[in-house]
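So the structure is just underneath, and the comments pick up after that.
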Amino acid sequence: MGAGIAWKRRSGRASKPVTVMYCMGSGLGFVLGSVSAAQADNKALGQFLASECTTCHQLSGESTGGIPPITGWPKSQFIAVLRSYRAKERDNEVMQTIAGRLSDDEIAALAAFFEDLGKK
Amino acid sequence: MGRLTRRTFLQSSAAVAGAAAFSAVPAIGQAKPRVVVIGGGAGGTTAAKYIARDSKGAIDVTLVEPLKRYQTCFHSNLYLGGYRSYDSITHGYEKLTSAYGVKMNHQWASAIDRDKKQVVLADGSRLSYDRLVVSPGIALKYDSVPGWGKEHEVAMPHAWLPGEQTQILKKRLDAVPDGGVIVMIAPPNPFRCPPGPYERVSMMAHALKAAGKSKSKIIVIDPKENFSKQGLFQEGWEKYYKGMVEWLGPKVHDGLKSVDPKTNTVVTGFETYKAALVNVIPAQTAGTIAIDAKLTNAGGFCPIDAASMKSTVDPNIYVLGDASIAGDMPKSGFSANSQAKVAALMIRGELIKAETFPARYANTCWSLIETDDAVKVGGRYEAKDGKIAATETFVSKTGESADLRKATQAENMGWYAGISADMFG
Ligand SMILES: Cc1cc2nc3c(=O)[nH]c(=O)nc-3n(C[C@H](O)[C@H](O)[C@H](O)COP(=O)(O)OP(=O)(O)OC[C@H]3O[C@@H](n4cnc5c(N)ncnc54)[C@H](O)[C@@H]3O)c2cc1C
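Residue numbers (our numbering), protein chains in the order written: chain A, 30 to 149; chain B, 2 to 426.
Dropping the structure here:
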């Protein structure tokens, strides 16, 4: 699934990598299940929530300076990364603050929105 | 007011899917609902683009902005410091029309006829609206600095509005001789971009130092007891520009008495300065059109409903950005952009029954102090007890590592590209 590549390239930074393989294990079955259910219905939500991200991240998938591209990621990986910002396990106060108010459903809606975008 | 904005969220999945299917149906009359946006800056451009893009042609959007080219105030300090070209902070509106169907009207809006729901343009023509977005930025209070006025803005530039003023200030800065004195008159609260004056001091000091003019001095006459990211800026000034920056609070300078644009003199209760350059950043209010339309309160800014950015004075009008009273949010390009997305959603909700969600806002302001050394302050915000309140905030710390500061500057550059694409791309 190409997991890990997009975020591992940032390894020079203070970020703590998320173990996607771990998340893919037992704990995530339930989460992924609810993701696919929510995802079909939450397009409008995903679109509105994503508008908060695009002050920094570019919808086109282009990336400049210290703002990484976030389109086209597999949902599970996207979800794991946002949760680790939310839990303040991954450094970066900007992302911690943004992710801090996202519920699991909202993260799922965002993951679906940005994954879709990468397919266009 | 909550009547219109608080409905429709947290519906069941099925209802959500249903609403989405009907999202292109106009709610008012048969004709396409019309939105007029006044001001093609950070707030207005974002609102126009998002309303047009997300309504997929179901709403007619006109953006009224006299300028064909918009120079961002954000990163104009980096232009002063020599880190950016003027071109790189200049943007055009072409894509708003070609990609999203926004109608550009490059004129000054001279009045808002709230009873008729029309905007009166400079040429006397009128634009009717179902909803109006007002994002005119700030107006300068030219009478707030004794001895200074609009006729002196070339002799003593402010460079606090987008465009030519920034170039004038840059030319004057580059002409300051080694040993010359620059005086900055800092503004009282509330004003556009709280860290802006102090980032500007840093960038002016950098430009002087880079040109080998380290005997020059920047004196800041500030009416405030303290300022945004003060500890961080002062740490940076001490580290990089030792002896070049002197910040004076009101207790020290004992009040600004007058300036004389003919002789470049500044008189405070404490001392008289003969300067090579005086940068006057005066007190501010909401843009004139908002005042004329009586959308402002006694303080000169526009009260809004925190849950939607709708004016509390007129239910057909939304006010964004610097002109609005946005509670804990600072007056920044980031804030204006964030508020615009909430307003765009609520307007689509009102006009074409698009599904709406509770407002959420965010801001981050980066400031460059010296090459590869930037700091940031930010937070997220929500409507709470009738105002926009911060729910979590962060700020850089003194003594951070060089690596972190460099990464912070990389974010700053990435953010600029991001918000530019978000507004104009
Ligand atoms: C030196 C400096 C540095 C800054 N740095 C940052 C930064 O790093 N980050 C950040 O987020 N913010 C920064 N800002 C703040 C930022 O520029 C403003 O907060 C932001 O531009 C506000 O957006 P706005 O839409 O309210 O107004 P503006 O962006 O000023 O847009 C207003 C527009 O309305 C138009 N207009 C006004 N009246 C009328 C009328 N009657 N009819 C038609 N059009 C009209 C004007 O021509 C203008 O284009 C900085 C500001 C300054 C001065």
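All residues carry an ideal CB built from backbone N, CA and C; glycine is no exception.
If one requires a minimum length of 3 residues, the beta strand (DSSP E) runs lying completely within the stretch 278-340 of chain B are 278-281, 285-287, 303-306, 318-320, in chain order.
Contact between the stretch 83-101 of chain B and the stretch 44-61 of chain B is established, with three or more Cβ pairs separated by less than 8 Å. With a cutoff of 7 Å, GLU81 of chain A does not count as near ligand 1, since its C-beta is closer than that to no heavy atom of the ligand. Straight-line measurement puts the Cα of GLY328 of chain B at about 22 Å from the Cα of MET124 of chain A. Going by beta carbons, CYS74 of chain B and PRO163 of chain B fall inside the 8 Å limit. For GLU144 of chain A, the secondary structure class from DSSP, reduced to helix, strand or coil, is helix. Pairing GLU247 of chain B with ALA160 of chain B, the inter-Cα distance amounts to about 21 Å. Rounded to whole angstroms, the Cβ separation of PHE395 of chain B and GLY379 of chain B is 6 Å, and the two are in contact under 8 Å.
Relative to HIS107 of chain B, the option among B:TYR94, B:GLN119, B:THR266 whose CA is nearest is B:TYR94. Annotation: GLN119 of chain B is outside any alpha helix (DSSP H); the continuous beta strand (DSSP E) that includes it extends over 119-122. Rounded to the nearest whole angstrom, the C-alpha separation of GLY213 of chain B and ILE219 of chain B is 15 Å. One alpha carbon belongs to PHE358 of chain B, the other to LYS342 of chain B, and they sit about 11 Å apart. The shortest CA-to-CA distance from ILE113 of chain B to any of B:ALA375, B:SER203, B:SER368, B:ASN317 is the one to B:ASN317. When DSSP reads this structure, GLU393 of chain B sits in a beta bridge with B:ARG381. Remark: the shortest separation between the CB of THR394 of chain B and any heavy atom of ligand 1 does not fall under 7 Å. Under the three-state reduction of DSSP output, GLU118 of chain A falls in the coil class, being neither helix nor strand. Contact annotation for SER132 of chain A against chain B: no contact, minimum CB-CB distance about 11 Å [criterion: below 9 Å].
In summary, no residue of the stretch 107-119 of chain A has a CB separated from any CB of chain B by less than 7 Å. SER80 of chain A is bridged by DSSP to nothing; it lacks a bridge partner. Per DSSP, reduced to three states, the secondary structure at THR409 of chain B is helical. DSSP places ARG115 of chain B outside any beta strand (DSSP E), giving it a letter other than H or E. With a cutoff of 7 Å, THR93 of chain A does not count as near ligand 1, since its C-beta is closer than that to no heavy atom of the ligand. Beta bridge pairing from DSSP links TYR274 of chain B with B:VAL267.
Between ligand 1 and PRO251 of chain B, a heavy atom-to-CB distance of less than 7 Å is absent. Pairwise C-beta distances place the stretch 239-255 of chain B out of contact with the stretch 141-158 of chain B, as fewer than three of them are shorter than 8 Å. Cβ atoms of VAL320 of chain B and SER312 of chain B come within 8 Å of each other, at about 5 Å. The contact set of LEU74 of chain A on chain B, defined by CB atoms closer than 7 Å, consists of PHE358 in chain order. One finds nothing in chain B with a Cβ atom closer than 9 Å to the Cβ of GLU144 of chain A; even the nearest lies about 18 Å away.
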